[in-house]
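The structure appears right after this line, and notes come after that.
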Amino acid sequence: MITYEHTDERMMKKNELEDLEVELLLEVVYRRYGYDFRDYAKATVKRRLNGLMGSTNSSCLSALIPSILHNEDLFLRFVSALSITVTELFRDPMFYKELRELVFPVLSTYPFFKVWHAGCATGEEAYSMAILLKDAMLYDRAQLYGTDMNKSSIDKAKEGIFPLDTMKQGQSNYVKSGGRAAFTDYYCARYNAAQLSKQLSKNITFSVHNLVCDKIFGEMNLIVCRNVLIYFNRQLKDRVFSLFCDSLCHRGFLCLGTKESLEFSCLKDKFETISQKQRIYRKL
Amino acid sequence: MHKYAAVVIGASTGGLQALMTLLPEVPEDFFAPVIIVMHMDQNAGGFIPTYLNGLSAIHVKEAQDGEPLMSGTAYMAPPGYHLLVEKGNLALSVDNPVRYSRPSIDVLFESAADAYADELIGVVLTGANSDGSQGLEKIKRYSGLVIVQDPETAVAAAMPRAAIEAVAVDHILALDKIGSFFRKLHNETHSGIKIW
């Protein structure tokens, strides 16, 4: 009779085994569907996948692998689980205030400028920018781009329809950011929804773009990417910063989320800090 | 010689007073990073880590996304963000609140258990809800050490009580004994002799 000895070196700890399962699952999704989540920050990936696992009655993460290989619906749920969709109008009002005070004066010196909202989800931040540009009478010189890897988020962004109760929070944030126009002029309400004015979406183009693998987006004067990079690991963060650096024109601006920074990035010497508190940087 | 490499602490109501007692007792060059979630108001601003830093020998700061974990340092979750631990660094998230809390103690503890397993120490302090019990259970399940503040010494006893009910806790310690527990552990790290 053959007996096998489990040596300590061959026993994997529970957490190491889970790490392996996550790696395998992400590799399967990449090889089968071409979506690369392999460099997303591990902790949030694990958390979101554990949530997905709970809703599919699987006993472990690797049990999702056969289903994901053969079942596109599950794959779509997977993409949805790992998408970054949390956003709101004028989120972090103080950011928009400093954007207006520090960045707009420079933008106003250009006859024409381009703004890229990278990872825009359902578009609220792009619409917020549009409103501020309208207020500052700069809108007609601006071309705005909103991109996200999630097609259904982009489809929603193109519609420009938001739940009416979120407009109240949006208005409150708008006022806190120093906005003085009649906010209600920017949308019309019907039933429980608010349709943003076509005047706002006229100069905005929403499209699908994947920060992980897609190339330079064009020469931008301002790139806004807030609370997206927190979901990427160090290598991917640096790749994306490099992409942003290459996509920015001379002395262009980069705006990150309030708790994100260039500080731990190898690209930090390519930028000067315009606002430490609101994470506004300018390419050197 | 112990094997611990990281400490996570969760606190809610009464947490500031508890940390004001605990943190000053932690040695300046404490052998492991200490990562803390304390429930606080969304608009609390950054003054709490600065204030605690002034009282403590260990360096207390607000956690930044992507920040590497260093010994001799206590990291606090910024208001309105979840704080997650990865092996060697921190990560932030704006995912939905968990049981109305963001930052959530469970989110911190569960991610730390994933990253550090049996090298982790989890501590639940005073609080009025049951955030942290689920996370503490995972820490225990992954063979970490679990400590709960004695509810008798807590401003709000519900959180430590819920933790004790949910998990076979390794130590229940009065608030003023937790700091000395960590000091002893720190001395053991340096001397190589088991103290208790």
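The listed protein sequences correspond, in order, to chains V and F.
The first sequence lines up with residues 1 to 284 when you count with the working numbering.
The second sequence lines up with residues 1001 to 1196 when you count with the working numbering.
Glycine is no exception: its CB is placed at the ideal position from the N, C-alpha and C atoms.
Keep in mind the model is a prediction, meaning the values are calculated, not measured.
- C-alpha of Asp1150(F) to C-alpha of Ile1009(F): approximately 14 Å in a straight line.
- Cβ atoms of Lys259(V) and Tyr1081(F) come within 8 Å of each other, at about 6 Å.
- By the Cβ criterion, the stretch 207 to 221 of chain V is not in contact with the stretch 179 to 196 of chain V, since fewer than three pairs of Cβ atoms, one from each stretch, lie closer than 8 Å.
- Rounded to the nearest angstrom, the gap between the Cα atoms of Glu27(V) and Ile84(V) is 20 Å.
- In the structure shown, Arg1141(F) falls within a helical segment according to DSSP collapsed to helix, strand and coil.
- Ile1105(F) counts as buried, since no fewer than 16 other beta carbons sit within 10 angstroms of its beta carbon.
- The residue among Ala1063(F), Val1037(F) and Glu1137(F) with its C-alpha nearest the C-alpha of Ile1147(F) is Glu1137(F).
- By the beta-carbon neighbour count (other beta carbons within 10 angstroms, threshold 16), Val1026(F) is buried.
- Flagged as an interface residue toward chain V: Val1094(F), by a C-beta distance shorter than 7 Å.
- About 5 Å separates the CB atoms of Met1038(F) and Ala1011(F); that is less than 8 Å, so the two are in contact.
- For Lys1003(F), no alpha helix (DSSP H) run applies, since DSSP gives it neither H nor E.
- Taking C-beta atoms as the reference points, Asp39(V) and Leu236(V) count as a pair closer than 7 Å.
- Assignment of His1039(F) by DSSP, reduced to helix, strand and coil, places it in the coil class.
- In terms of Cα proximity to Leu1108(F), the closest of Ile1164(F), Gln1134(F) and Thr1013(F) is Gln1134(F).
- When the alpha-carbon of Ile1036(F) is set against those of Leu1019(F), Glu1028(F) and Phe1047(F), the nearest one is in Leu1019(F).
- Contact annotation: in the stretch 1056 to 1080 of chain F, residues whose CB is within less than 8 Å of a CB in chain V are Gln1064, Asp1065, Gly1066, Glu1067, Pro1068 and Pro1078.
- Short of 6 Å from the beta carbon of Pro1068(F), and not among the five residues preceding or following it, lie these beta carbons of its own chain, in chain order: Asn1089.
- DSSP places Phe253(V) in the strand class (E or B) of the three-state scheme.
- Counting C-beta pairs closer than 8 Å gives three or more between the stretch 116 to 131 of chain V and the stretch 82 to 98 of chain V, which meets the contact rule.
- Boundaries cannot be given for Asn233(V), as no beta strand (DSSP E) includes it and DSSP labels it neither H nor E.
- Looking only at Met220(V), Ser58(V) and Thr166(V), the smallest Cα-Cα distance to Leu196(V) is reached by Thr166(V).
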